[in-house]
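Residue numbers (this note's numbering), protein chains in the order written: chain A, 2 to 368; chain B, 2 to 368. Just so you know, even glycine gets a beta-carbon here, dropped at the ideal spot from N, CA and C.
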């Protein structure tokens, strides 16, 4: 994340502390069931120590933009989104067979190694998978616990609840579409963008903003028709800002997944290539590739043994298609669109500045 | 389940209808993300059509016993526990590599078969696993959504919330202990009983009763010290009833897992043996086995190719140790203890009768 992003830094430390307090208390509940749960509690704490805290930041500024006061309660409620995110990451890494997360072994790999090191019975793979499923489930459940124990008044929580519900159904639906797209071999740009809408744009930006606004009493609550907002203007502005920004955010992620510096991203170089991720960047590259470039892309995409030379070769092929330049243009256009949506929106000036700053921080980052 | 169990039948139809209404509404949310989500929605609906509805029944009678009135709102809140349970079952079947659930292929197997039948890209196994993780996650999240949309007053939900939270952390902790016990090769009766306490007795009986009582305003809310109750007598009676009954319930399950009739259990004959489940029944059998009996148990336990002849042989060996008779004695003793705990407890007479009836229904069943 770009250093000096005040709108994010301001929130991050407070979110970190709220998470530490919550997870410390949950550790007690786990250890009451048995001291054997310590490695699980440690693994959760280590995973939660990292992360950019983007979703809590958008939730917080969604609240402030709607006129909500700065207070510890909104930090607690916003921080709950990090628990959901951490749980989803554990499950995602398992589904993608990812080895690394936030510069550490992914959770399933940690417990696979623990099993293997100790020479335990049965399959180390299955043990790693089982523990990762359970720890992810725990974190997903803790989202609700932290949200409802945030200290916000009952009527605020009642207003926010349907937005949190919608956000979760959408993110898992988006992941399902992603899995299915991989399985059926959908390599279109449109297919990749549909996944980004649900899996990233709504989940990371639009819904956290809506959640903050709903908690502050400024709507939206999802209406019966399946997602439109009841009380128009602020929620609509958050959507008009959030959806293009979400796409720009994901495009930056796509570029970092192929070209990023491991020291910054916490993932090995070319990790998205190794995992065969079906990104918008790759869909654009494919749609523009010459026969020779397509051959290089097909050779390395999804190759678990991809090495430095292969990474260099596929990077050159992708760049050669013009896909990276096209993604950079799209990022610029979408960020401008997002920031323009803030003009004249019925929100506080402080929030407008913070959201403009967050738009840049979320898309100009190098990790 | 024993036919004619009025205390259960009374609730079951109403829980079924509440679940159908909720899942029908969620189907709309899923299909709004894409028609491709239809098979996922269908799979969830089919899984939720089955089940004994024990946890909702205990939650309902926990409420009634505390003086709560019969009303649709408590049925909705109680039914939410079935969503948690269905999600946990999907994940459990994945971890145990179970092929069958409620007489149908398990969810991961359904989607593995879908992938294979259509000749899709990549691994059918990985696709089945991914969909099972996501659908389980969705169901676990929907628990909170249905609970908070039950229509119960905000202060009732606020009182119930910590019990639901505790219940979920305990069940996933119990599953973790189970995985770990399998890995380290803990074959003791004490180890198996510790898993049963968290994974079954608290989760299936004690906490649902406590949840009903808390919703009705009769405590308990877990206190800061990690599990004791604030307002003593009713919650204490529910614990004194629930923990022994939970053990008896699981022992019946253990026996059915080896000796049950597939037409009644919805699982193949000897399924627990094939999966190498570390049950109390097997721990007792091992602790009493002669060298010859131990050899038979070791030969077949965890054998995925276990056939009819092998099933008959291991059944004879287990019966020969006296473990089945011992389990039946334990069931009788624990059910009596549970029913005795209802005497003089500060609850309505109707609830006392229903809980006594449920104790028998939950432990005398043949499927």
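Item to complete: On a CA-only basis, which of 53/B, 97/B, 198/B and 39/B is nearest residue 14/B? Give me that one, please.
Response: Here the closest residue by C-alpha is 53/B.
Worksheet item: Using the beta-carbon of each residue, which ones in chain B are nearer than 9 Å to residue 60/A?
Response: Those within 9 Å of residue 60/A in chain B number zero; the least Cβ separation is about 17 Å.
Discussion item. Per the DSSP calculation, residue 106/B is bridged to which residue(s)?
Written reply: According to DSSP, which records beta bridges pairwise, residue 106/B is partnered with 101/B.
Item to complete: Rounded to whole angstroms, what's the CA-CA distance from residue 213/B to residue 60/B? Just pull it up for me.
Response: Each residue's Cα considered, the two are about 5 Å apart.
Practice prompt. Determine the closest residue to residue 1/A out of 256/A, 72/A, 264/A and 105/A, with distance taken between C-alpha atoms.
Written response: Outside the displayed range of chain A (2 to 368) lies residue 1/A, so it cannot be described from this structure.
Item to complete: Taking residue 219/B as the reference, give the member of 328/B, 105/B and 62/B with the closest Cα.
Response: Of the candidates 328/B, 105/B and 62/B, the one whose C-alpha sits nearest the C-alpha of residue 219/B is 62/B.
Worksheet item: Out of curiosity, what's the CA-to-CA distance linking residue 29/B and residue 22/B?
Response: Taking the straight line joining both Cα atoms gives about 11 Å.
Practice prompt. Could you check the C-alpha separation between residue 56/B and residue 83/B for me, to the nearest Å?
Written response: Cα to Cα, the separation comes out at about 7 Å.
Item to complete: Within 10 angstroms of the Cβ of residue 258/A, are there 16 or more other Cβ atoms? Answer buried if so, exposed if not.
Response: With at least 16 other beta carbons inside 10 angstroms of its own, residue 258/A counts as buried.
Fill in: Contact residues within the segment 173 to 196 of chain A, judged by C-beta distance below 8 Å to chain B
So the list reads 173, 174, 175, 176, 177, 178, 180, 181, 183, 184, 185, 186 and 195, given in the order they occur along the chain.
Worksheet item: What did DSSP end up calling residue 356/A once you bin it into helix, strand or coil?
Response: Residue 356/A: helix per DSSP, three-state reduction.
Worksheet entry | Closest Cα partner of residue 188/B within the set 171/B, 117/B and 290/B | Selected option, being the one with the closest Cα: 290/B.
Worksheet item: Listing by chain order, which chain B residues have their CB less than 7 Å from the CB of residue 145/A?
Response: The contacting residues are 145.
Worksheet entry | Same chain only: Cβ atoms within 6 Å of residue 319/A, ignoring 5 sequence neighbours per side | For residue 319/A, where only same-chain residues beyond five positions count, the Cβ hits under 6 Å are 286.
Worksheet entry | Per-residue burial, residue 72/A [other beta carbons within 10 Å of its own, 16 or more giving buried] | Residue 72/A is exposed by the Cβ-count criterion.
Item to complete: Kindly indicate if chain B contains any beta-carbon less than 8 Å away from that of residue 171/A.
Response: The beta carbon of residue 171/A sits closer than 8 Å to some beta carbon of chain B.
Worksheet entry | Between the CA atoms of residue 314/B and residue 173/B - distance to the nearest angstrom | Straight-line measurement puts the Cα of residue 314/B at about 34 Å from the Cα of residue 173/B.
Practice prompt. Spell out whether any CB of chain A is found under 8 Å from the CB atom of residue 35/B.
Written response: Interface residue, yes.
Discussion item. Counting only C-beta atoms, is residue 95/A closer than 8 Å to chain B at any point?
Written reply: True, the Cβ-Cβ gap to chain B drops below 8 Å.
Discussion item. When you compare the CB of residue 260/B with every CB in chain A, is at least one pair closer than 8 Å?
Written reply: So no, residue 260/B is outside the interface.
Item to complete: Kindly give me the distance between the Cβ atoms of residue 363/A and residue 199/A, rounded to whole angstroms, as I take these residues to be in contact under 8 Å.
Response: Residue 363/A to residue 199/A, Cβ: 18 Å. No contact.
Discussion item. So, at 8 Å on beta carbons, what are the nonlocal neighbours of residue 138/B in its own chain, with the 5 sequence-adjacent residues on each side left out?
Written reply: For residue 138/B, the CB contacts under 8 Å within the same chain, skipping 5 residues up- and downstream, are 88 in chain order.
Practice prompt. With residue 61/A as the anchor, note down where its alpha helix (DSSP H) starts and where it stops.
Written response: Start and end: 55 to 66.
Worksheet item: My guess is that residue 302/A and residue 321/A are in contact by the Cβ rule of under 8 Å, so how many angstroms apart are they, rounded?
Response: That belief does not hold up - the Cβ atoms of residue 302/A and residue 321/A are roughly 15 Å apart, past 8 Å.
Worksheet item: Can you find a C-beta in chain A that's less than 8 Å from the C-beta of residue 128/B?
Response: The C-beta of residue 128/B comes closer than 8 Å to at least one C-beta of chain A.
Worksheet item: Exposed or buried, residue 16/A, counting other C-beta atoms within 10 Å across all chains shown (16 or more means buried)?
Response: With at least 16 other beta carbons inside 10 angstroms of its own, residue 16/A counts as buried.
Fill in: Inter-residue Cα distance where the pair is residue 58/A and residue 26/A
So the alpha carbons of these two residues sit roughly 23 Å apart.
Discussion item. I'd like to check one pair, residue 181/B with residue 37/A: are the Cβ atoms closer than 8 Å?
Written reply: In this structure, residue 181/B lies closer than 8 Å to residue 37/A by Cβ.
Item to complete: Starting from the beta carbon of residue 199/B, find every residue of chain A whose beta carbon is closer than 7 Å, and list them in chain order.
Response: In chain order: 34.
Worksheet item: Just curious, the alpha helix (DSSP H) that residue 129/A is in, first and last residue?
Response: Per DSSP, residue 129/A belongs to the alpha helix (DSSP H) from 125 to 149.
Worksheet item: Within 8 Å (strictly less), CB to CB, does residue 135/A reach chain B?
Response: Taking Cβ atoms only, chain B reaches closer than 8 Å to residue 135/A, which makes this a yes.
Worksheet entry | Cβ pair residue 336/B, residue 361/B closer than 8 Å | Taking the C-beta atoms as reference points, residue 361/B is found nearer than 8 Å to residue 336/B.
Discussion item. Is it the case that the segment 242 to 249 of chain A contacts the segment 334 to 349 of chain A, given that we only count it when at least three CB pairs across the two stretches are under 8 Å?
Written reply: Verdict: yes, contact present.
Worksheet item: Where does the unbroken alpha helix (DSSP H) through residue 299/A begin, and where does it stop?
Response: From DSSP, the alpha helix (DSSP H) with residue 299/A extends over 292 to 301.
Worksheet item: For the putative contact between residue 91/B and residue 136/B, defined by C-beta atoms under 8 Å, what is the C-beta separation to the nearest angstrom?
Response: The beta carbons of residue 91/B and residue 136/B sit about 6 Å from each other, so the pair counts as a contact at 8 Å.
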